[in-house]
DNA sequence: ACCTGAACACCGTTCAAGT
DNA sequence: ACCTGAACACCGTTCAAGT
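Protein chains in written order, with full-length UniProt numbering: chain C, 1 to 199; chain P, 1 to 199.
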């Protein structure tokens, strides 16, 4: 009774988000049912509509949570990393891959929901913050002279693509080998060669 | 009457696949309804179940079509490319990016459906054929001495990750700049540096 | 072999009404 | 402000029955 009352006091929205995340993690986004979610939380099936206008809105809010989380995770990883660009890149790569593996379906959702033309302003802002964080890591490398000069969009795109591609391929189990541990070091070396200054 | 009869003669399965592909392209995978599909094709709502045991089976078959198509598209692009590794890599990258842009939702489906634990044998075989085609492009580069030596899984993973990441990011409109045309050349140069032999 | 029609249990969404 | 209950139109899936 007490726990149920709490939903009447403002955290049904948060409960819906975490419940939805659990569902997509365990059974995929297609298995998400608003009515089942409401049932599990002990509210009526119409209650969620007070917090999310429809299912799509809930999914967008979830994607936003994902972008915020990966951005924050990356920040934490970089705080603990050393000063060398190679070390910071490795730490960032590790964080991204770990996130992708632990949140595979959420990561899918984050990037697939942008196909929807009605993507909210908030969502694209969060996505942009994440992209910019990756780019600013490259900018660090440029300042240290370990990354070639040039417009960040050009120089950073390769690095971002490689990390994103590797993380999503690992998450979808699409790489020919698991490469436990050593695979990432190899990847970081490849990236460093790709973006190193000439000569 | 004639057109309807054809569905009674063996191509309802193909019609369901192309219809489903049109739907996910235009309205996303969440909007796919078997009943609506059947209605549009002039058959009863129960007819699709003769060809696909459930919705998931249809989506898996669609993903399989996607893997076959990108593999075939890539083959065609490489036939028309020159002999130099740089040229062939550029042609492959162009083909992948074009496919990703033209089939954004299908590409999503191809990689997200693998999260489902019941993914068919056929599907994972098609996915593996596609991965192996990418890898054999790298192997070409190795034979020409333009790609560093080493196990293909290690050397090729970086290249594959970069191409896959770039293609999916472009498809989901997640890159800071459109980089029309020139962006891909820059990316190919980055990849070539990353996988070039030492010294 | 392939499809139909009815049936079942479940959805998402809306809206008057309650507290 | 937030939630309920009923209502509506729509699903996916199954299965006896038709051809």
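Glycine included, C-beta positions come from ideal geometry on N, C-alpha and C.
Per-residue DSSP class, three states only, for residue 160 of chain C: Position 160 of the first chain, counted from the first residue, corresponds to residue 160 of chain C. Helix at residue 160 of chain C.
Closest by C-alpha distance to residue 202 of chain P, when choosing among P/69, P/12, P/115 and P/64: Outside the modelled stretch of chain P, which goes from 1 to 199, sits residue 202 of chain P, for which no answer is possible.
Residue of P/85, P/58 and P/54 minimising C-alpha distance to residue 193 of chain P: Taking the first residue of the second chain as position 1, residue 193 of chain P is located at position 193. Closest option to residue 193 of chain P, judged by alpha-carbon separation, among P/85, P/58 and P/54: P/85.
Within 8 angstroms, strictly: CB atoms of residue 102 of chain P and residue 187 of chain P: The sequence position of residue 102 of chain P within the second chain is 102, counting from 1. The sequence position of residue 187 of chain P within the second chain is 187, counting from 1. The answer is no: Cβ separation not under 8 angstroms.
Beta-carbon gap between residue 155 of chain C and residue 144 of chain C smaller than 8 angstroms: Residue numbering aside, residue 155 of chain C sits at position 155 when the first chain is read from its first letter. Residue numbering aside, residue 144 of chain C sits at position 144 when the first chain is read from its first letter. Taking 8 angstroms as the Cβ cut-off, residue 155 of chain C and residue 144 of chain C do not qualify as a contacting pair.
Nearest to residue 151 of chain P (by Cα), restricted to the options P/91, P/98 and P/135: Mapped onto the second chain, residue 151 of chain P falls at position 151. Residue nearest to residue 151 of chain P within the set P/91, P/98 and P/135 is P/135 (criterion: CA-CA distance).
Contact with chain P by residue 111 of chain C, beta-carbon distance below 8 angstroms: Here residue 111 of chain C is taken as the residue at index 111 of the first chain, counted from 1. Chain P, which has a Cβ nearer than 8 angstroms to the Cβ of residue 111 of chain C, makes this yes.
Contact under 8 angstroms by Cβ, residue 115 of chain C with residue 104 of chain P: Along the first chain, read from residue 1 onward, the residue named residue 115 of chain C stands at position 115. Along the second chain, read from residue 1 onward, the residue named residue 104 of chain P stands at position 104. Yes, these two residues count as a Cβ contact at 8 angstroms.
Contact list for residue 89 of chain C against chain P, beta-carbon separation under 7 angstroms: Counting from one through the first chain, the residue named residue 89 of chain C turns up at place 89. What residue 89 of chain C touches in chain P, judged by beta-carbon distance under 7 angstroms, is nothing: the nearest beta carbon there is about 13 angstroms away.
Chain-ordered neighbours of residue 116 of chain P on chain C, where CB pairs are closer than 7 angstroms: Working through the second chain from its first residue, we reach residue 116 of chain P at position 116. What residue 116 of chain P touches in chain C: 28.
Anticipated Cβ contact below 8 angstroms, residue 127 of chain P with residue 169 of chain C, distance rounded: Residue numbering aside, residue 127 of chain P sits at position 127 when the second chain is read from its first letter. Residue numbering aside, residue 169 of chain C sits at position 169 when the first chain is read from its first letter. In fact, because the Cβ distance is near 11 angstroms, the residues do not count as touching under 8 angstroms.
Range of the contiguous alpha helix (DSSP H) that encloses residue 11 of chain C: Along the first chain, read from residue 1 onward, the residue named residue 11 of chain C stands at position 11. Segment: none, residue 11 of chain C is in no alpha helix (DSSP H) and carries neither H nor E.
Collapsed DSSP secondary structure at residue 196 of chain P in the structure displayed: Translated into positions along the second chain, residue 196 of chain P becomes position 196. In this structure, residue 196 of chain P counts as coil in the three-state DSSP scheme.
Test: residue 174 of chain P CB closer than 8 angstroms to a CB of chain C: Walking along the second chain from the start, residue 174 of chain P turns up at place 174. Output row for residue 174 of chain P: interface = yes.
Buried/exposed call for residue 79 of chain C, threshold 16 Cβ in 10 Å: As a first step, residue 79 of chain C must be located in the first chain, where it is residue number 79. Result: exposed.
Cα-Cα separation between residue 120 of chain C and residue 146 of chain P, rounded to whole angstroms: Locating residue 120 of chain C in the first chain gives position 120, where the first residue counts as 1. Locating residue 146 of chain P in the second chain gives position 146, where the first residue counts as 1. Straight-line Cα distance between these residues: approximately 45 angstroms.
Residue-level contact to chain C via CB, residue 169 of chain P, 8 angstroms cutoff: Counting from one through the second chain, the residue named residue 169 of chain P turns up at place 169. So yes, residue 169 of chain P belongs to the interface.
Where residue 191 of chain C meets chain P, residues with beta-carbon distance less than 7 angstroms: Here the question's residue 191 of chain C lines up with position 191 in the first chain. Per Cβ cutoff of 7 angstroms: 194.
Rounded separation between residue 108 of chain C and residue 29 of chain C - CA only: For this step, residue 108 of chain C is matched to residue 108 along the first chain. For this step, residue 29 of chain C is matched to residue 29 along the first chain. Straight-line Cα distance between these residues: approximately 10 angstroms.
Test item: CB-CB of residue 133 of chain C and residue 71 of chain C under 8 angstroms: Taking the first chain and counting its residues from 1, the one referred to as residue 133 of chain C is at position 133. Taking the first chain and counting its residues from 1, the one referred to as residue 71 of chain C is at position 71. The Cβ atoms of residue 133 of chain C and residue 71 of chain C sit closer than 8 angstroms to each other.
Run of the alpha helix (DSSP H) containing residue 55 of chain P, from where it starts to where it stops: On the second chain, position 55 is the one that residue 55 of chain P refers to. Run containing residue 55 of chain P: 55 to 79, per the alpha helix (DSSP H) assignment.
Bounding residues of the alpha helix (DSSP H) (the contiguous stretch that carries residue 101 of chain C): By one-based count along the first chain, residue 101 of chain C stands at place 101. Here the alpha helix (DSSP H) through residue 101 of chain C covers 85 to 102.
Close Cβ partners of residue 60 of chain P (< 7 angstroms) along its chain, the five nearest in sequence each way excluded: As a position in the second chain, residue 60 of chain P is number 60, starting the count at 1. Excluding positions up to five away in sequence, the list reads 113, 119, 120 and 123.
Member of P/13, P/172 and P/23 whose CA lies at the smallest distance from the CA of residue 32 of chain P: Taking the second chain and counting its residues from 1, the one referred to as residue 32 of chain P is at position 32. Nearest C-alpha to residue 32 of chain P: P/23.
Close-in-space but distant-in-sequence residues of the same chain around residue 19 of chain P (CB under 8 angstroms, 5 per side omitted): Here residue 19 of chain P is taken as the residue at index 19 of the second chain, counted from 1. Hits under 8 angstroms: 37, 40 and 41.
Separation of residue 52 of chain C from residue 12 of chain C, as counted between CA atoms: Residue mapping note: residue 12 of chain C aligns to position 12 of the first chain, counting from 1. Residue mapping note: residue 52 of chain C aligns to position 52 of the first chain, counting from 1. Going by the C-alpha atoms only, they are around 11 angstroms apart.
Whole-angstrom distance between residue 117 of chain C and residue 1 of chain C, CA atom to CA atom: Counted from its first residue, the first chain places residue 1 of chain C at position 1. Counted from its first residue, the first chain places residue 117 of chain C at position 117. Low confidence applies to residue 1 of chain C: its pLDDT is 33, below 50, so where it sits in the model is not reliable enough to give any reading.
Same chain only: Cβ atoms within 8 angstroms of residue 21 of chain C, ignoring 5 sequence neighbours per side: To locate residue 21 of chain C, count along the first chain from 1; it is residue 21. Closer than 8 angstroms at the Cβ level, and outside the excluded window around residue 21 of chain C, lie 62, 65 and 106.
Through-space distance from residue 35 of chain C to residue 46 of chain C, alpha-carbon basis: Position 46 of the first chain, counted from the start, is the residue given in the question as residue 46 of chain C. Position 35 of the first chain, counted from the start, is the residue given in the question as residue 35 of chain C. Approximately 8 angstroms, taken between the alpha carbons.
Pick from P/98, P/131 and P/137 that is closest to residue 83 of chain P, judged by C-alpha positions: If you number the second chain from 1, residue 83 of chain P lands on position 83. For the residues P/98, P/131 and P/137, the minimum Cα distance to residue 83 of chain P belongs to P/137.
Residue span of the alpha helix (DSSP H) that contains residue 137 of chain C, given as start and end: Taking the first residue of the first chain as position 1, residue 137 of chain C is located at position 137. In the DSSP assignment, residue 137 of chain C falls within the unbroken alpha helix (DSSP H) covering 121 to 143.
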